[in-house]
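Notes follow once the structure below has been shown.
Residue numbers (this note's numbering): 1070 to 1469.
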């Protein structure tokens, strides 16, 4: 398996067949497992073998297949599948930290990630320092001996700042800190996070892996020591495990993920190129105008499936959204359907106005996740909606 390409691993890695030798992975819809004897039950609670299970909250054959397949894709030793992406983020951080520990985090994060770091961890005595994630000097100044972890989104939501994974990893490892990377925007298709120095990689598998709007899910990937000795005890006792049926959905999603994500990234580039020149602020790592374009290409070789752009005002943003015909208004991303989001009023609504300004989340900012529609139709829909917004609110922030 080591010599297989990613697309092959996404279809075949971790396969586990029952006595019937089924082609499609089986769904083991059971919460418990039978022991032949009382002695067997006792032994399994002392230590589970590699193909033994106790309770679905601890593990399940279908869930295990998904965990092994994702680990193979990422180049990690092991993984633990969770009920959602935020269960993965909160579980990974909470499992490794305790009162008095210090974490350094990039400041540009998804609203729920900010909540975990600003509210939850601090509530329990963890010190959190926020930095401009694109500035390595700020990372150097913030870490110190005893820093337990650094956390960042490899590409930030929604302003698409690209973090130098290798650069931050070198700084973190110099003080013995673990590198925890939320890798949703990079996707498993383009990811090289482990290769570049990430110790723990997190995905919301709701995005891209399922990629069809059907189920919530997440996964934490890392060394077997971290996953099974640090993370698993916390997750199995607090109940954040993925259901077997969801794991089966994710396995089916993985089979087509590479094809879907590459098509979505091509569409995102086409839309970004169509908007560049019409608006003065178009954020897409695949554009040469992006401040971290070279870094993005070196780390992933793609600009990804998501872009953001500023139409000038909240009123213009709402007019743009309401004029869309193909793209739907929602707050997910990485879906087969193209989705537009107004972060300032939805995903990042709770942030104070000053923090939104610092993060670049302006009233006119739109986040667009490109789906699987024909790219020409997507470009036409976006440009038509933009023209409608401009007609209603001509005082926009636009390039001449």
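We put the beta carbon where it would ideally sit given N, CA and C, even for glycine.
Check your understanding: Among residues of its own chain, excluding the 5 on either side of residue 1012, which ones have a beta-carbon nearer than 6 Å to its beta-carbon?
Key -> Beyond the ends of the chain as shown, which are 1070 and 1469, falls residue 1012; an answer cannot be given.
Exercise for review: Would you tell me roughly how many angstroms separate the C-alpha atoms of residue 1247 and residue 1177, rounded to the nearest one?
Suggested key: Sequence index remark: in the chain shown, residue 1247 carries index 178 (1-based). Sequence index remark: in the chain shown, residue 1177 carries index 108 (1-based). Spanning the two alpha carbons is a distance of roughly 19 Å.
Exercise for review: Would you mind working out which of 1161, 1101, 1455 sits nearest residue 1292, comparing C-alpha positions?
Suggested key: Reading the chain shown from its first residue, position 223 is the one you call residue 1292. Among 1161, 1101, 1455, the Cα nearest to that of residue 1292 is on 1161.
Review point. Ordered along the chain, which non-local residues of its own chain (more than five positions away) have a Cβ less than 6 Å from that of residue 1383?
Key: For the purposes of this step, residue 1383 is taken as residue 314 along the chain shown, with counting starting at 1. Counting only Cβ-Cβ distances below 6 Å, and skipping sequence neighbours, we find 1432.
Point to revise | CA nearest to the CA of residue 1211, picked from 1152, 1240, 1235 | key: Your numbering for residue 1211 matches position 142 in the chain shown. Residue 1240 is the option with its Cα nearest to residue 1211.
Check your understanding: Sorted by chain position, which residues of the same chain lie with C-beta nearer than 8 Å to residue 1428's C-beta, five sequence neighbours on each side aside?
Key -> Numbered from its first residue, the chain shown carries residue 1428 at position 359. Here the set comprises 1176, 1177, 1228, 1417, 1420.
Check your understanding: Candidates 1223, 1258, 1294: which alpha carbon is nearest residue 1330's?
Key -> By one-based count along the chain shown, residue 1330 stands at place 261. Minimum Cα distance to residue 1330 is reached at 1258.
Practice item. Return the Cβ separation of residue 1082 and residue 1138 in integer angstroms, given the expectation that the two are a contact with Cβ distance under 8 Å. Key: Here residue 1082 refers to the residue found at position 13 when the chain shown is read from its first residue. Here residue 1138 refers to the residue found at position 69 when the chain shown is read from its first residue. Confirmed, Cβ separation roughly 4 Å.
Review point. Thinking C-beta only, is residue 1163 closer than 8 Å to residue 1157?
Key: Position 88 of the chain shown, counted from the first residue, corresponds to residue 1157. Position 94 of the chain shown, counted from the first residue, corresponds to residue 1163. Taking 8 Å as the Cβ cut-off, residue 1157 and residue 1163 do not qualify as a contacting pair.
Check your understanding: Counting pairs of beta carbons, one from the stretch 1337–1357 and one from the stretch 1365–1383, are three or more of them closer than 8 Å?
Key -> yes
Practice item. List in chain order: all unbroken beta strand (DSSP E) runs of 3+ residues lying wholly within the stretch 1213–1267. Key: 1216–1222, 1247–1251
Point to revise | Pick from 1201, 1080, 1077, 1135 that is closest to residue 1424, judged by C-alpha positions | key: Numbered from 1 along the chain shown, position 355 holds the residue referred to as residue 1424. If we check each option's Cα against that of residue 1424, 1201 comes out closest.
Practice item. Give the DSSP-derived three-state secondary structure of residue 1114 in the structure shown. Key: In the chain shown, residue 1114 corresponds to position 45, counting from 1. Residue state, collapsed to three classes: helix.
Review point. So what does DSSP say about residue 1154, is it helix, strand or coil?
Key: The count along the chain shown starts at 1 and reaches residue 1154 at position 85. In this structure, residue 1154 counts as helix in the three-state DSSP scheme.
Exercise for review: Just the C-alpha distance for residue 1453 and residue 1326, rounded to the nearest angstrom, thanks.
Suggested key: As a first step, residue 1453 must be located in the chain shown, where it is residue number 384. As a first step, residue 1326 must be located in the chain shown, where it is residue number 257. Approximately 30 Å between the Cα atoms of the pair.
Check your understanding: What do you reckon, are the CB atoms on residue 1174 and residue 1149 nearer than 8 Å?
Key -> For the purposes of this step, residue 1174 is taken as residue 105 along the chain shown, with counting starting at 1. For the purposes of this step, residue 1149 is taken as residue 80 along the chain shown, with counting starting at 1. Not a contact, by the Cβ cut-off of 8 Å.
Check your understanding: Would DSSP call residue 1465 helix, strand or coil?
Key -> As a first step, residue 1465 must be located in the chain shown, where it is residue number 396. Here the model assigns residue 1465 a pLDDT of 43, short of 50, so the residue's position is not dependable, and the following value carries that caveat. Here residue 1465 sits in coil by DSSP.
Point to revise | Beta-carbon contacts of residue 1395 that lie in its chain and below 8 Å, excluding the five residues immediately before and after | key: In the chain shown, counting from the first residue as 1, residue 1395 sits at position 326. Here the set comprises 1407, 1442, 1446, 1447, 1450.
Exercise for review: Starting from the N-terminal side, write out each stretch of the alpha helix (DSSP H) that is 4 residues or longer and does not extend beyond the stretch 1275–1324.
Suggested key: 1301–1307
Practice item. Return the CA-CA distance between residue 1350 and residue 1379, expressed in angstroms with no decimal places. Key: In the chain shown, residue 1350 corresponds to position 281, counting from 1. In the chain shown, residue 1379 corresponds to position 310, counting from 1. Distance between the alpha carbons of residue 1350 and residue 1379: 6 Å.
Review point. So is residue 1462 buried or exposed if we call it buried at 16+ other beta carbons inside 10 Å?
Key: If you number the chain shown from 1, residue 1462 lands on position 393. Counting Cβ neighbours within 10 Å, residue 1462 comes out buried, since at least 16 surround it.
Review point. Are residue 1130 and residue 1085 touching if we call contact CB-CB under 8 Å?
Key: Indexing the chain shown from 1 puts residue 1130 at position 61. Indexing the chain shown from 1 puts residue 1085 at position 16. Yes, the pair counts as a contact, with Cβ atoms nearer than the cut-off.
Review point. Once you ignore the five residues that flank residue 1188 on each side, which residues in its own chain have a CB closer than 7 Å to its CB?
Key: Within the chain shown, numbered from 1, the residue matching residue 1188 stands at position 119. Closer than 7 Å at Cβ, skipping near neighbours: no residue.
Check your understanding: Three or more beta-carbon pairs under 8 Å between the stretch 1308–1321 and the stretch 1335–1343, yes or no?
Key -> no
Check your understanding: Would residue 1253 pass as a contact of residue 1276 if the rule is Cβ separation under 8 Å?
Key -> Within the chain shown, the letter at position 184 stands for residue 1253. Within the chain shown, the letter at position 207 stands for residue 1276. Yes, these two residues count as a Cβ contact at 8 Å.
**Study point:** Residue nearest to residue 1099 in terms of C-alpha spacing, selected from 1143, 1124, 1279
**Key:** Residue 1099 sits at position 30 when you count from the first residue of the chain shown. For residue 1099, the nearest C-alpha among the options comes from 1124.
**Study point:** Candidates 1077, 1301, 1091, 1255, of which the one nearest residue 1365 by Cα
**Key:** The sequence position of residue 1365 within the chain shown is 296, counting from 1. Nearest option by C-alpha distance: 1255.
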